[in-house]
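Chemist: This is the structure, below, for whatever I ask next.
2 protein chains.
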Amino acid sequence: MLVGAIEAGGTKFVCAVGNEANEIIERVSFPTRTPEETLTDIFTFFDQFELAAIGIGSFGPIEINRDSEKYGYILSTPKLAWKDFDFLGALKKRYDIPMEWTTDVNAAALSESKIGASKGLKNTLYITVGTGIGVGAIVDGNILSGSGHPEMGHMLVRPHPDDHYDGFCPYHGNCLEGMAAGPSIDGRLGVAGKDVSPDDQVWDFIASYLGQAIEAYTVILRPERIVIGGGMMKVPGLLDKVRTEFETLLANYVPTPPVDEYIVLPGLGDNAGITGALILGNLCLA
Amino acid sequence: MLVGAIEAGGTKFVCAVGNEANEIIERVSFPTRTPEETLTDIFTFFDQFELAAIGIGSFGPIEINRDSEKYGYILSTPKLAWKDFDFLGALKKRYDIPMEWTTDVNAAALSESKIGASKGLKNTLYITVGTGIGVGAIVDGNILSGSGHPEMGHMLVRPHPDDHYDGFCPYHGNCLEGMAAGPSIDGRLGVAGKDVSPDDQVWDFIASYLGQAIEAYTVILRPERIVIGGGMMKVPGLLDKVRTEFETLLANYVPTPPVDEYIVLPGLGDNAGITGALILGNLCLA
Numbered sequence: 017m018l019v020g021a022i023e024a025g026g027t028k029f030v031c032a033v034g035n036e037a038n039e040i041i042e043r044v045s046f047p048t049r050t051p052e053e054t055l056t057d058i059f060t061f062f063d064q065f066e067l068a069a070i071g072i073g074s075f076g077p078i079e080i081n082r083d084s085e086k087y088g089y090i091l092s093t094p095k096l097a098w099k100d101f102d103f104l105g106a107l108k109k110r111y112d113i114p115m116e117w118t119t120d121v122n123a124a125a126l127s128e129s130k131i132g133a134s135k136g137l138k139n140t141l142y143i144t145v146g147t148g149i150g151v152g153a154i155v156d157g158n159i160l161s162g163s164g165h166p167e168m169g170h171m172l173v174r175p176h177p178d179d180h181y182d183g184f185c186p187y188h189g190n191c192l193e194g195m196a197a198g199p200s201i202d203g204r205l206g207v208a209g210k211d212v213s214p215d216d217q218v219w220d221f222i223a224s225y226l227g228q229a230i231e232a233y234t235v236i237l238r239p240e241r242i243v244i245g246g247g248m249m250k251v252p253g254l255l256d257k258v259r260t261e262f263e264t265l266l267a268n269y270v271p272t273p274p275v276d277e278y279i280v281l282p283g284l285g286d287n288a289g290i291t292g293a294l295i296l297g298n299l300c301l302a
Numbered sequence: 017m018l019v020g021a022i023e024a025g026g027t028k029f030v031c032a033v034g035n036e037a038n039e040i041i042e043r044v045s046f047p048t049r050t051p052e053e054t055l056t057d058i059f060t061f062f063d064q065f066e067l068a069a070i071g072i073g074s075f076g077p078i079e080i081n082r083d084s085e086k087y088g089y090i091l092s093t094p095k096l097a098w099k100d101f102d103f104l105g106a107l108k109k110r111y112d113i114p115m116e117w118t119t120d121v122n123a124a125a126l127s128e129s130k131i132g133a134s135k136g137l138k139n140t141l142y143i144t145v146g147t148g149i150g151v152g153a154i155v156d157g158n159i160l161s162g163s164g165h166p167e168m169g170h171m172l173v174r175p176h177p178d179d180h181y182d183g184f185c186p187y188h189g190n191c192l193e194g195m196a197a198g199p200s201i202d203g204r205l206g207v208a209g210k211d212v213s214p215d216d217q218v219w220d221f222i223a224s225y226l227g228q229a230i231e232a233y234t235v236i237l238r239p240e241r242i243v244i245g246g247g248m249m250k251v252p253g254l255l256d257k258v259r260t261e262f263e264t265l266l267a268n269y270v271p272t273p274p275v276d277e278y279i280v281l282p283g284l285g286d287n288a289g290i291t292g293a294l295i296l297g298n299l300c301l302a
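Those protein sequence lines, which keep their order, are chains A and B. Numbering of the first sequence is given in this note's numbering, commencing with residue 17 and proceeding in unit increments. Numbering of the second sequence is given in this note's numbering, commencing with residue 17 and proceeding in unit increments.
Written out as structure tokens, the structure is:
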């Protein structure tokens, strides 16, 4: 039995076909164009197979509330051609099979908790720090979602006393994403993060914001493990700075595992999203 | 069929017996003494009835993780006689019936979501602002708990620019509880909150911290409604200040209900905790 998986990104789509053991058998990737053009690419790939279900991890915001009349839609994205597009509806029209969708970070959180760095744990987080900051949570084995999916990157943070940057978030200015995602480096220093020395003080600022956020996620959700990835976490030494900040801020108030087992890098790397979509597809059939 | 309920507070215990409809039939309350003395009071009351189950909402921190060898224990409380006391074990020894326990705020969150101000909603929060700040969350109809119960009052907040208070939390100084719970008023002004004019600027500070916290809880948990109670919320005008702060800070980033339906006072008042314990007891039998 074959299951389809889609990782829908703002710049790139990945489509895959896998089996019941969540192994990817075949995959393609193509640039994100208009919904119509992109769907043509998706159909060209999936039409080759007899699929039993499809799982999707998508860029957001998306409507995941089944009671909403916009269930299955991409919502107010800055990618205007996709705004208010009934993505799940368009897929359902072509393939009348079970489908489940969630955000890209939720899909990654799911795969890391099933077969990745937090394998076997029922309460986990997946954080990605890149052009934005996205977080997916697994609570008691299930993807956390309330009236909609979390937008945890937009919690507010306490400015570091030596950091005079105002943040780039168009909604909140200096929320976590506004102060710690990739564009904040360019906003402060005029160059991209990859061109900044690992010894620059800016990484202390970033670590203080990520440490604060992880302190909050810890007292709010009490996860067993937190996986943190994305381009920025490749900066040498940053992970350790984040761990140290977190430990200082939490001050042992609630028990957590040793910090190097609690805050860890991804196990699935770039495959976390597409694998999570495949797992989601298989879960439709469970 | 009768079910027992215990609301275990740091200064007062409430015990009740109720029916399957979660109606309280009889109740008593007595001061919290040593574990042994308090248990005698509990037994004296419950021995009169043939109970099918007991639900407990307790002061914390408590061990709610069934895999822990300390499951059922009260953990590192400043009430030293209760520290590391096997509360659930002591009850089980006397009554060999199904029992379930959680924190007092979780019990209140449960009752508000089942029959109180957030009745019928599956994703809700209950916040109490008193001598401390406690928060319980219902996620998809169940009490949120990860590796342990949340301690959401200990998330860090951004100091208000005019507020020069350092906070009273012995662990974090200026976390939410340290800056916004009852003792912070006395810490700033030398008098209790009840003796401070509702026009005092201190309430703007308190509202800014509670607004920040609710912004974070909103983007992290996406609740449908937030019930906020406790002694401090009786200050005239404070609820509206909190609503305004929250709206300003969230900046409409994710959709929420109109703020006066989203952030509301409790429906069950002082009965929220004991009623939640009764519901929990009934859930053991479901």
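Note that beta-carbon positions come from the ideal geometry of N, C-alpha and C, so glycine has one too. Since this is a predicted model, take the numbers as computed values, not measurements.
Within a Cβ cutoff of 7 Å, which residues of the same chain sit near A/E231, ignoring the five residues on either side of it in sequence?
Modeler: Indexing the first sequence from 1 puts residue 231 of chain A at position 215. Within the same chain, A/E231 has close Cβ partners F262, L265 and L266.
Chemist: Bridge partners of B/K28, per DSSP?
Modeler: Locating residue 28 of chain B in the second sequence gives position 12, counting from the first residue. Answer is B/P47.
Chemist: Between which residues of its own chain and B/K138 is the CB-CB distance below 6 Å, once the five residues before and five after are set aside?
Modeler: On the second sequence, residue 138 of chain B is found 122 positions in, with the first residue counted as 1. Once the five neighbours on either side are set aside, the close Cβ partners of B/K138 are D156 and G157.
Chemist: Is the separation between the beta-carbon of A/I236 and that of B/L126 shorter than 9 Å?
Modeler: The sequence position of residue 236 of chain A within the first sequence is 220, counting from 1. The sequence position of residue 126 of chain B within the second sequence is 110, counting from 1. No.
Chemist: Output needed for A/P273: all residues of its chain with C-beta closer than 8 Å, excluding positions within five of it in sequence on either side, in chain order.
Modeler: The residue given as residue 273 of chain A occupies position 257 in the first sequence. Taken in chain order, the residues that qualify are E240 and R241.
Chemist: Identify which residue in B/L294, B/S163, B/L18 and B/R174 has its Cα closest to the Cα of B/N81.
Modeler: Within the second sequence, the letter at position 65 stands for residue 81 of chain B. Answer by Cα proximity: B/S163.
Chemist: Buried or exposed, going by whether 16 or more other CB atoms sit within 10 Å of the CB of A/H180?
Modeler: As a first step, residue 180 of chain A must be located in the first sequence, where it is residue number 164. So A/H180 ends up on the exposed side.
Chemist: Closest to B/G289 by CA distance: which of B/S74, B/W219 and B/G34 is it?
Modeler: In the second sequence, counting from the first residue as 1, residue 289 of chain B sits at position 273. Nearest option by C-alpha distance: B/S74.
Chemist: Quick check: what's the CA-CA separation for A/F29 versus A/P47?
Modeler: Translated into positions along the first sequence, residue 29 of chain A becomes position 13. Translated into positions along the first sequence, residue 47 of chain A becomes position 31. Between A/F29 and A/P47, the C-alpha separation is close to 6 Å.
Chemist: Within the 9 Å Cβ cut-off, does A/G169 reach chain B?
Modeler: Translated into the one-based positions of the first sequence, residue 169 of chain A becomes position 153. Yes, A/G169 counts as interfacial toward chain B.
Chemist: Flag this pair as yes or no: are the beta carbons of B/A69 and B/G297 separated by less than 9 Å?
Modeler: Indexing the second sequence from 1 puts residue 69 of chain B at position 53. Indexing the second sequence from 1 puts residue 297 of chain B at position 281. Going by C-beta atoms, B/A69 is nearer than 9 Å to B/G297.
Chemist: Give the interface partners of A/P166 over in chain B, defined as CB-CB distance under 8 Å, in chain order.
Modeler: If you number the first sequence from 1, residue 166 of chain A lands on position 150. Per Cβ cutoff of 8 Å: V235, I236, L237 and R238.
Chemist: Looking only at DSSP bridge pairs, what is A/D102 linked to?
Modeler: As a working mapping, residue 102 of chain A is identified with position 86 in the first sequence. BP columns for A/D102 point to A/Y89.
Chemist: Within this structure, are the beta carbons of A/V19 and A/E36 separated by less than 9 Å?
Modeler: Here residue 19 of chain A refers to the residue found at position 3 when the first sequence is read from its first residue. Here residue 36 of chain A refers to the residue found at position 20 when the first sequence is read from its first residue. The answer is yes: Cβ separation under 9 Å.
Chemist: Going along the region 258-273 of chain B in order, which residues come within less than 9 Å of chain A, judged by CB to CB distance?
Modeler: Cβ contacts with chain A come from L265, L266, A267, N268, Y269, V270, P271, T272 and P273.
Chemist: How many angstroms separate the CA atom of A/P166 from the CA atom of A/V145?
Modeler: Here residue 166 of chain A is taken as the residue at index 150 of the first sequence, counted from 1. Here residue 145 of chain A is taken as the residue at index 129 of the first sequence, counted from 1. The straight-line gap from Cα to Cα measures roughly 15 Å.
Chemist: Between the C-alpha atoms of B/A197 and B/G148, what's the straight-line distance to the nearest angstrom?
Modeler: What you label residue 197 of chain B is simply residue 181 of the second sequence in a count that begins at 1. What you label residue 148 of chain B is simply residue 132 of the second sequence in a count that begins at 1. When rounded, the distance between both Cα atoms is 5 Å.
Chemist: Buried or exposed: where does B/F65 fall if 16 or more other Cβ atoms within 10 Å of its Cβ makes it buried?
Modeler: As a working mapping, residue 65 of chain B is identified with position 49 in the second sequence. Under this definition B/F65 is an exposed residue.
Chemist: Any C-beta of chain A within less than 7 Å: which residues of the region 126-151 of chain B qualify?
Modeler: Flagged, chain order: N139.
Chemist: Pull up the CB-CB distance for B/Y225 and B/M168, whole angstroms please, since I reckon it's below 8 Å.
Modeler: If you number the second sequence from 1, residue 225 of chain B lands on position 209. If you number the second sequence from 1, residue 168 of chain B lands on position 152. Not quite, the Cβ-Cβ distance comes to about 13 Å (not below 8 Å), so this is no contact.
Chemist: In or out: A/A208 buried (at least 16 other Cβ within 10 Å) or exposed?
Modeler: Residue mapping note: residue 208 of chain A aligns to position 192 of the first sequence, counting from 1. By the 10 Å Cβ count, A/A208 comes out exposed.
Chemist: Using three-state DSSP, classify B/L284 as helix, strand or coil.
Modeler: Taking the first residue of the second sequence as 1, we reach residue 284 of chain B at position 268. Three-state result, B/L284: coil.
Chemist: Nearest-angstrom Cα distance between B/R259 and A/E52?
Modeler: Residue numbering aside, residue 259 of chain B sits at position 243 when the second sequence is read from its first letter. Residue numbering aside, residue 52 of chain A sits at position 36 when the first sequence is read from its first letter. If you take the alpha carbons of B/R259 and A/E52, they lie about 42 Å apart.
Chemist: Examine chain A for any beta-carbon lying closer than 9 Å to the beta-carbon of B/R174, and answer yes or no.
Modeler: One-based indexing of the second sequence puts residue 174 of chain B at position 158. So yes, B/R174 belongs to the interface.
Chemist: With distances taken Cα to Cα, identify the nearest neighbour of B/R174 among A/V121, A/Y278, A/D216 and A/Q228.
Modeler: Residue numbering aside, residue 174 of chain B sits at position 158 when the second sequence is read from its first letter. It is A/Q228.
Chemist: Taking the DSSP output, what are the residues bridged to B/I78?
Modeler: Along the second sequence, read from residue 1 onward, the residue named residue 78 of chain B stands at position 62. Paired residues: B/I90.
Chemist: Can you tell which of B/N287, B/G152 and B/L301 has the C-alpha that lies nearest to the C-alpha of B/V243?
Modeler: Locating residue 243 of chain B in the second sequence gives position 227, counting from the first residue. Looking at the Cα atoms, B/G152 is the closest of the given residues.
Chemist: Which stretch, first to last residue, makes up the beta strand (DSSP E) that contains A/M115?
Modeler: Start at 1 with the first residue of the first sequence, and residue 115 of chain A comes out as number 99. Looking at the DSSP string, the run of the beta strand (DSSP E) that includes A/M115 is M115 to T119.
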